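In our numbering, the protein residues as written are 19 to 581.
Beta carbons are placed, not taken as given, at the ideal position from N, Cα and C, and that holds for glycine.
Because the structure is a prediction, the values reported are computed rather than measured.
Down below is the structure, laid out as structure tokens.
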């Protein structure tokens, strides 16, 4: 058996040195953690009943930092929940052997069918006060963007939000993003890593597992120093700490799993980040929860809607669409939409309808809520199409109804109506529009042509794109303007299923190419940060995302001489 030195990290995963942790315990605890060929088969229930819960939970946190496990988050969430139900911060039970841990966790398959193909990066960037913070989005596609939009609305835009609310969420966002970024630095991860996830949970090698486990532990004293420097209230940690034995742990609904809202747990004088991939969702949920508590939820959501609606206009303008000053008929009271009219061809107008997806979240709720399409929106669409079609008697216009589904981390299901003769309609999530408009070879008629192809194909055979419109668009793009195979007979009737996840590779390529992040700048004599995105593909050249009087183009330092 290999011998563990007194100053080596303790194999239990506590983050402490061996001499300060399990050296003094009875028996050969250290030896039990060293890989052995004589390990016996152990079930999950047996392991959780008989072995050290601190060791197991720390390892589960570390496994989320292993690149090969990207996309296996649903199973890791369930494993964490099961461990927390039997967790004891002062656990004195023996440690499981490496073989026992590996056998139980790698063969755990409950919930595997709930895991979708990968559509995002392993590491992404949240931008806050000190620039870039690396976060692990897990399977939460687009949540890093939502978090960035919320922080922009709260801290960069003028508003009348409650000051106590802004102070509390600043403390929470700043501290948890620091913890996430520090974990990433210790794990030696950089932003925008795009690994290929496997179908099973994979263990890193023994030494790497110890290093990753050490990355998810923080001493309270260290976090207190950080809070003193940044003027954070460390008591905000309590809002993200799971309490052993709490009723929250009894919830079996995956959407309400406490591990995605409280990713931390206290172990004596240490804080364990057992759910690194839960931080973006935890912060978004927390912001909404506190907005309700401080009675400013509606105002916050309007800020978010305004922000995404503005960015929608910017995205469309970059494809060649021109905003018009056409005044539409008065909107029905209470209709949760924002509207604009663009012209993108000599005889084509676009009715852009942004849908407020978080409009009906109740005051006492902090989680997602399903909102269905209401009939008044259909009536409004007919009214607008009729108005725009006849706005110029001597030149009838074709009308493109483009629905943009706002992304607020609330579930929303939408089916748009069949367009009238000569017109087209299409629905995209905000992030889907962002992806399409940032891809190559996009022009003013791209969305219209895709909508036309989608509509005509749907007349031949019923299209079923369970993963959303983007999956159909990725196939359309790959087939060079068609949803049907060029060499096969076109189907008549029946149904054509579009595989869920068909657009994942396309999404990841665009995200990788854009590489959005913050760069340090001097603004009015002070250090500040500006958000940039890719400007040229042939070199790491970026430009500011926002329009300002200080138009900047920046170039990333090359790591080697360039001739």
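Residue range of the beta strand (DSSP E) that includes residue i
{"i": "residue 559", "result": "559 to 562"}
{"i": "residue 600", "result": "Only positions 19 to 581 of the chain appear in the structure, and residue 600 is not among them; the question remains open."}
{"i": "residue 336", "result": "Looking at the DSSP string, residue 336 is not in any beta strand (DSSP E); the run it does join, the alpha helix (DSSP H), is 315 to 336."}
{"i": "residue 150", "result": "149 to 153"}
{"i": "residue 288", "result": "288 to 291"}
{"i": "residue 142", "result": "142 to 146"}
{"i": "residue 282", "result": "282 to 285"}
{"i": "residue 306", "result": "Premise fails: residue 306 lies in the alpha helix (DSSP H), 297 to 311, not in any beta strand (DSSP E)."}
{"i": "residue 516", "result": "513 to 516"}
{"i": "residue 545", "result": "544 to 554"}
{"i": "residue 572", "result": "571 to 573"}
Per-residue burial, residue i [other beta carbons within 10 Å of its own, 16 or more giving buried]
{"i": "residue 571", "result": "exposed"}
{"i": "residue 264", "result": "exposed"}
{"i": "residue 336", "result": "exposed"}
{"i": "residue 574", "result": "exposed"}
{"i": "residue 208", "result": "exposed"}
{"i": "residue 251", "result": "exposed"}
{"i": "residue 429", "result": "exposed"}
{"i": "residue 542", "result": "exposed"}
{"i": "residue 124", "result": "exposed"}
{"i": "residue 525", "result": "buried"}
{"i": "residue 51", "result": "Reliability of the predicted coordinates at residue 51 is poor, the pLDDT of 45 falling under 50, and no value is obtained from them."}
{"i": "residue 175", "result": "exposed"}
{"i": "residue 84", "result": "buried"}
{"i": "residue 366", "result": "buried"}
{"i": "residue 200", "result": "buried"}
{"i": "residue 591", "result": "Since the first and last residues shown for the chain are 19 and 581, residue 591 lies out of range."}
Boundaries (first-last residue) of the alpha helix (DSSP H) holding residue i
{"i": "residue 482", "result": "Taken as a continuous stretch (DSSP letters only), residue 482 belongs to no alpha helix (DSSP H), being part of the beta strand (DSSP E) at 480 to 483."}
{"i": "residue 173", "result": "161 to 173"}
{"i": "residue 488", "result": "487 to 496"}
{"i": "residue 124", "result": "116 to 124"}
{"i": "residue 187", "result": "181 to 204"}
{"i": "residue 233", "result": "224 to 233"}
{"i": "residue 103", "result": "That residue, residue 103, is in no alpha helix (DSSP H); it is neither H nor E in DSSP."}
{"i": "residue 524", "result": "522 to 532"}
{"i": "residue 240", "result": "238 to 248"}
Between the CA atoms of residue j and residue i - distance to the nearest angstrom
{"i": "residue 282", "j": "residue 404", "result": "55 Å"}
{"i": "residue 560", "j": "residue 108", "result": "50 Å"}
{"i": "residue 75", "j": "residue 106", "result": "10 Å"}
{"i": "residue 520", "j": "residue 344", "result": "38 Å"}
{"i": "residue 239", "j": "residue 72", "result": "20 Å"}
{"i": "residue 353", "j": "residue 395", "result": "7 Å"}
{"i": "residue 195", "j": "residue 411", "result": "56 Å"}
{"i": "residue 564", "j": "residue 331", "result": "13 Å"}
{"i": "residue 436", "j": "residue 137", "result": "29 Å"}
{"i": "residue 562", "j": "residue 144", "result": "16 Å"}
{"i": "residue 289", "j": "residue 253", "result": "13 Å"}
{"i": "residue 188", "j": "residue 197", "result": "14 Å"}
{"i": "residue 313", "j": "residue 477", "result": "48 Å"}
{"i": "residue 120", "j": "residue 221", "result": "7 Å"}
{"i": "residue 539", "j": "residue 202", "result": "24 Å"}
{"i": "residue 304", "j": "residue 455", "result": "31 Å"}
{"i": "residue 205", "j": "residue 88", "result": "15 Å"}
{"i": "residue 122", "j": "residue 210", "result": "30 Å"}
{"i": "residue 401", "j": "residue 347", "result": "8 Å"}
{"i": "residue 448", "j": "residue 432", "result": "13 Å"}
{"i": "residue 231", "j": "residue 547", "result": "32 Å"}
{"i": "residue 426", "j": "residue 112", "result": "45 Å"}
{"i": "residue 489", "j": "residue 166", "result": "25 Å"}
{"i": "residue 186", "j": "residue 398", "result": "40 Å"}
{"i": "residue 64", "j": "residue 469", "result": "55 Å"}
{"i": "residue 260", "j": "residue 267", "result": "9 Å"}
{"i": "residue 340", "j": "residue 157", "result": "36 Å"}
{"i": "residue 173", "j": "residue 249", "result": "16 Å"}
7 Å Cβ cutoff, residue i in contact with chain C
{"i": "residue 494", "result": "Here there is only one protein chain, and chain C is not present."}
Contiguous beta strand (DSSP E) assignments of at least 3 residues, all confined to the stretch 347 to 383: 355 to 363 and 366 to 373
Say whether the stretch 239 to 246 touches the stretch 208 to 218, bearing in mind that this needs 3 or more beta-carbon pairs closer than 8 Å, one atom from each stretch. no
Any contact between the stretch 269 to 276 and the stretch 80 to 99? By contact I mean 3 or more CB pairs, one from each, below 8 Å. yes
Do the stretch 433 to 446 and the stretch 311 to 324 meet, that is, are 3 or more Cβ pairs less than 8 Å apart? no
For the 8 Å Cβ check, are there 3 or more pairs between the stretch 495 to 505 and the stretch 528 to 541? no
For the stretch 402 to 486, list the alpha helix (DSSP H) runs that are entirely contained and at least 4 residues long, ordered along the chain. 448 to 455 and 464 to 478
Mind the definition here: the stretch 419 to 427 touches the stretch 364 to 375 only if three or more C-beta pairs lie below 8 Å; say whether that holds. yes
Quick check on the DSSP output: what are the complete alpha helix (DSSP H) runs of length 4 or more inside the stretch 52 to 101, in order along the chain? 62 to 68 and 71 to 81
Between the stretch 164 to 182 and the stretch 126 to 140, can you find at least three pairs of beta-carbon atoms closer than 8 Å? no
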